[in-house]
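Peer 1: Residue numbers (the numbering used here), protein chains in the order written: chain A, 1 to 374; chain B, 375 to 763.
The C-beta atom is built at its ideal place from N, Cα and C for all residues, glycine as well.
Can you read through this structure? Questions will come right after.
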């Protein structure tokens, strides 16, 4: 499908420029309005996160019944989600650099996640946000584990990619932490393992820090009750991993989220860059706290167009972006959270199957193909 | 004799603070701070807080803010200043203000004060005057500065001659109060220069001190016109024995330059002249100085705007000589790191790839080949490129 992978042909250069200019103006309006409100928001989030973490850890430690233990796990998991998504991810994007507050500085922030902050800023802020959904360039696309587009060659092990998907989600923070290793490129010989030693050192340091905290120090504080703390912290981390993976998959791997070829994205204009960000991302709708707990990545489109404006502003500018899309007749991919996630699962299923031209294709039950293509 | 510094601080908070500051994990520290903040912001360990407990109108456009600093705040020596941090519409800004209160106020009640004059278009001074209320919280640094007079060690020292202008009285007020508390306000002279009588900050208190201490000579000097300017003749008339004294002067840059020059011509050695810089010269004075610098170096007085290119921000700014590089960048929406804003601390270092700048305070020309410059005192002479911004 050429149309899908070559979106830049659809509008004229001057249309792209006007489109880009209109989006620049939306951004500038927010920049001009930045102020106390934004600081109040993020400080409120940080306050709630700390309260949640202290209460959650307290409950896990002091619980005498499974119910209070589970409540503690839930609170700790929620606070970890809040810290990773709305606080850490957004601060590290530089959304609050303008405040001069050292606590809110992108380059100094480190999050409650095994992924080293410097590595994250490189692989996510730079690589993923610059080369969004360009096959072969955006390493977030399928994380070199999943086949989510026909542009990726099918291999027999893709047949069971639901298993890989489950493992990736459950261990998401480790997947993200090891992203910079580029294991697939080491395997193919394009990258030497030796060159990755500095990264591996940083990875080991951060992982050791996280593991020490959640699985050694806090459990030891509980004395003989250490196992329930180990289990509680593991559950809380698991919950956070599943949630963040789900949110991120809903942002780029829904049915309508498009992919691009490297050669089509050369010499992009500002307007074309915005356009690619738009087509490669998808939003989902929901209540205030669904947005907050997703770090406002429920507004993935706005986030990808304006990664460095405070995320809680996305709901305010989304109607303007949507209206602009209507004006230029560009699809604006959004829908209910459940519906969007279902299309993600369908996509994982669809591309797990061999393509039509493959010799294996006739052996795949028609019903299965139909289910994933429906 | 009393010991200066750390007088108020009892050992318990001090040792807790020392312990807590050594916590290696910033996450743990910020969680601890979260709990301490819930209890009382003055117990927070990461940033020292202060509460505004009183606001006193001194004279027109001048207010004194009485502050209760964090329990860990270490104290000060008269003449020192504190860095005040405050959030203005979400943006954290920092300025230095001299402590204007006595040692005993801190020792007995744990309070200090700063006295702030509104600066025309001054972001922070106006915000403090307009927005601070009793009960407001701000953040402050430990006391800093070398412009000090330790009242416990005045024996065998030359007696002081203070020459202050305008709000330059603030550190000198703390020095005079310190001397008075240690019964050392003897054979002390203060020349205080303002435009009109109504501008005399602390006038009543200074007069009362002069009445109570016969050895303290308080000499207000009014310079409403150029003719009344303080000069060598006035100074030697007010203080004939200046050569036996140490001069402490504080005020606007231009004023201090005149005072120092006069003192030098009267024969006072450099070691006996101590001064505190109060920020930058006025915009108009900077532009004038730039113009004469250009004349001297380029041979023309052409004051056409020059361009400042910020490589990373991809911006080109116009400089007319009235603002420093730091101010220009801030006006353009950048938030470069800075500290003292008066050429002391080097927090605002930026990397210049081409062009020359003038030091706004000293008038010194920073040549083309010097790349690391202080943005807060630099005024572009030619077109300048900054590669670090």
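Between which residues of its own chain and residue 114(A) is the CB-CB distance below 7 Å, once the five residues before and five after are set aside?
Peer 2: Numbered from 1 along the first chain, position 114 holds the residue referred to as residue 114(A). Correct list, in chain order: 173, 174, 177, 206, 207 and 210.
Peer 1: If you run the structure through DSSP and keep just helix, strand and coil, what is residue 113(A)?
Peer 2: In the first chain, residue 113(A) corresponds to position 113, counting from 1. Coil.
Peer 1: Pull up the distance between the alpha-carbon of residue 312(A) and that of residue 164(A), whole angstroms please.
Peer 2: The residue labelled residue 312(A) in the question sits at position 312 within the first chain. The residue labelled residue 164(A) in the question sits at position 164 within the first chain. Distance between the alpha carbons of residue 312(A) and residue 164(A): 33 Å.
Peer 1: In the DSSP output, what is residue 682(B) paired with across the bridge?
Peer 2: For the purposes of this step, residue 682(B) is taken as the residue at position 308 of the second chain. DSSP output for residue 682(B) lists 691(B) and 758(B) as bridge partner(s).
Peer 1: Please name the residues in the region 84-117 of chain A whose beta-carbon is closer than 8 Å to at least one beta-carbon of chain B, in chain order.
Peer 2: Listed by position along the chain: 97, 98, 99, 100, 101, 103, 110 and 112.
Peer 1: Under 8 Å, do residue 692(B) and residue 679(B) count as touching if we go by C-beta distance?
Peer 2: On the second chain, position 318 is the one that residue 692(B) refers to. On the second chain, position 305 is the one that residue 679(B) refers to. Yes; because the gap between Cβ atoms is below 8 Å, this pair is in contact.
Peer 1: According to DSSP, is residue 382(B) part of a helix, a strand, or is it coil?
Peer 2: Stepping through the second chain from its first residue, residue 382(B) is reached at position 8. The predicted position of residue 382(B) is uncertain, since its pLDDT is 46 and thus under 50; no value can be drawn from it.
Peer 1: Relative to chain A, which residues along the region 701-720 of chain B have a C-beta separation below 7 Å, given in chain order?
Peer 2: So the close ones are 709.
Peer 1: Under three-state DSSP, which class holds residue 495(B)?
Peer 2: Here residue 495(B) is taken as the residue at index 121 of the second chain, counted from 1. Residue 495(B): coil per DSSP, three-state reduction.
Peer 1: Under the three-state reduction of DSSP, which class applies to residue 524(B): helix, strand or coil?
Peer 2: Position 150 of the second chain, counting from 1, holds the residue named residue 524(B). Coil at residue 524(B), not helix or strand.
Peer 1: Is residue 591(B) near residue 582(B), with beta carbons less than 8 Å apart?
Peer 2: Looking up residue 591(B) in the second chain gives position 217. Looking up residue 582(B) in the second chain gives position 208. No; because the gap between Cβ atoms is not below 8 Å, this pair is not in contact.
Peer 1: Quick check on this structure: which residue in 269(A), 81(A) and 56(A) has the alpha carbon closest to the alpha carbon of residue 71(A)?
Peer 2: Along the first chain, one-based indexing puts residue 71(A) at 71. Comparing Cα positions, the closest option is 56(A).
Peer 1: Quick one: residues in its chain with C-beta nearer than 8 Å to the C-beta of residue 667(B), no 5 flanking neighbours on either side, listed in chain order?
Peer 2: On the second chain, residue 667(B) is found 293 positions in, with the first residue counted as 1. Here the set comprises 732, 737, 739 and 755.
Peer 1: DSSP three-state label for residue 11(A), please.
Peer 2: What you label residue 11(A) is simply residue 11 of the first chain in a count that begins at 1. The answer is coil: DSSP assigns residue 11(A) none of H, G, I, E or B.
Peer 1: Which of the residues in the region 508-532 of chain B, read from start to end, lie with their CB under 9 Å from any CB of chain A?
Peer 2: The residues in question: there are none.
Peer 1: Note down, in chain order, every chain D residue with its Cβ under 7 Å from the Cβ of residue 35(A).
Peer 2: Any reference to chain D falls outside this structure, whose protein chains are A and B.
Peer 1: Please state whether DSSP places residue 473(B) in a helix, a strand or coil.
Peer 2: What you label residue 473(B) is simply residue 99 of the second chain in a count that begins at 1. Strand at residue 473(B).
Peer 1: Hey, how far is the Cα of residue 129(A) from the Cα of residue 140(A)?
Peer 2: Residue mapping note: residue 129(A) aligns to position 129 of the first chain, counting from 1. Residue mapping note: residue 140(A) aligns to position 140 of the first chain, counting from 1. When rounded, the distance between both Cα atoms is 10 Å.
Peer 1: Measuring only the C-alpha atoms, how far is residue 759(B) from residue 293(A)?
Peer 2: Here residue 759(B) refers to the residue found at position 385 of the second chain. Here residue 293(A) refers to the residue found at position 293 of the first chain. Approximately 43 Å between the Cα atoms of the pair.
Peer 1: Taking 8 Å as the threshold (beta carbon to beta carbon), is residue 501(B) in contact with chain A?
Peer 2: Counting from 1 along the second chain, the entry for residue 501(B) is found at position 127. Output row for residue 501(B): interface = no.
Peer 1: Look up residue 606(B) in the DSSP assignment and say whether it is helix, strand or coil.
Peer 2: Locating residue 606(B) in the second chain gives position 232, counting from the first residue. In the structure shown, residue 606(B) sits in a helix (DSSP, three-state: H, G or I).
Peer 1: If you run the structure through DSSP and keep just helix, strand and coil, what is residue 210(A)?
Peer 2: The residue labelled residue 210(A) in the question sits at position 210 within the first chain. Helix at residue 210(A).
Peer 1: Shortest alpha-carbon distance to residue 416(B) belongs to which of 566(B), 431(B) and 513(B)?
Peer 2: The count along the second chain starts at 1 and reaches residue 416(B) at position 42. Measuring from the Cα of residue 416(B), the nearest candidate turns out to be 513(B).
Peer 1: Judging by CA-CA distance, which residue of 526(B), 542(B) and 537(B) is the nearest neighbour of residue 556(B)?
Peer 2: One-based indexing of the second chain puts residue 556(B) at position 182. The shortest Cα separation from residue 556(B) among 526(B), 542(B) and 537(B) belongs to 526(B).
Peer 1: Beta strand (DSSP E) containing residue 379(A): first to last residue?
Peer 2: Residue 379(A) is absent from the model: chain A starts at 1 and stops at 374.
Peer 1: When you compare the CB of residue 480(B) with every CB in chain A, is at least one pair closer than 8 Å?
Peer 2: In the second chain, residue 480(B) corresponds to position 106, counting from 1. Not closer than 8 Å to any Cβ of chain A, the Cβ of residue 480(B) fails to qualify, so no.
Peer 1: Tell me, please, whether the CB atom of residue 50(A) is closer than 8 Å to any CB atom in chain B?
Peer 2: Against the first chain, residue 50(A) aligns to sequence position 50. Interface residue, yes.
Peer 1: Between which two residues does the beta strand (DSSP E) containing residue 407(B) stretch?
Peer 2: The residue you call residue 407(B) lines up with position 33 of the second chain. Premise fails: residue 407(B) lies in the alpha helix (DSSP H), 400-413, not in any beta strand (DSSP E).
Peer 1: Identify, in the order they occur along the chain, each residue of the same chain with its Cβ nearer than 8 Å to the Cβ of residue 441(B), setting aside the five sequence neighbours on each side.
Peer 2: Sequence index remark: in the second chain, residue 441(B) carries index 67 (1-based). Contacts found: 424, 425, 426, 427, 485, 486, 487, 488, 512 and 514.
Peer 1: Quick check: is the beta carbon of residue 405(B) nearer than 8 Å to any beta carbon in chain A?
Peer 2: As a working mapping, residue 405(B) is identified with position 31 in the second chain. Cβ-Cβ to chain A under 8 Å: yes for residue 405(B).
Peer 1: Starting from the beta carbon of residue 248(A), find every residue of chain B whose beta carbon is closer than 7 Å, and list them in chain order.
Peer 2: Taking the first residue of the first chain as 1, we reach residue 248(A) at position 248. Residues of chain B passing the Cβ test: none, with the nearest at roughly 24 Å.
Peer 1: Is the beta carbon of residue 80(A) closer than 8 Å to that of residue 270(A)?
Peer 2: Numbered from its first residue, the first chain carries residue 270(A) at position 270. Numbered from its first residue, the first chain carries residue 80(A) at position 80. No, the pair does not count as a contact, with Cβ atoms beyond the cut-off.
Peer 1: Quick one: which unbroken beta strand (DSSP E) runs of 3-plus residues sit fully inside the region 529-602 of chain B? Chain order, please.
Peer 2: Runs of the beta strand (DSSP E) inside the region 529-602 of chain B: 533-539, 562-568 and 590-596.
Peer 1: Name the one or two DSSP bridge partners that residue 514(B) has.
Peer 2: Taking the first residue of the second chain as position 1, residue 514(B) is located at position 140. Looking at the DSSP assignment, residue 514(B) forms a beta bridge with 458(B).
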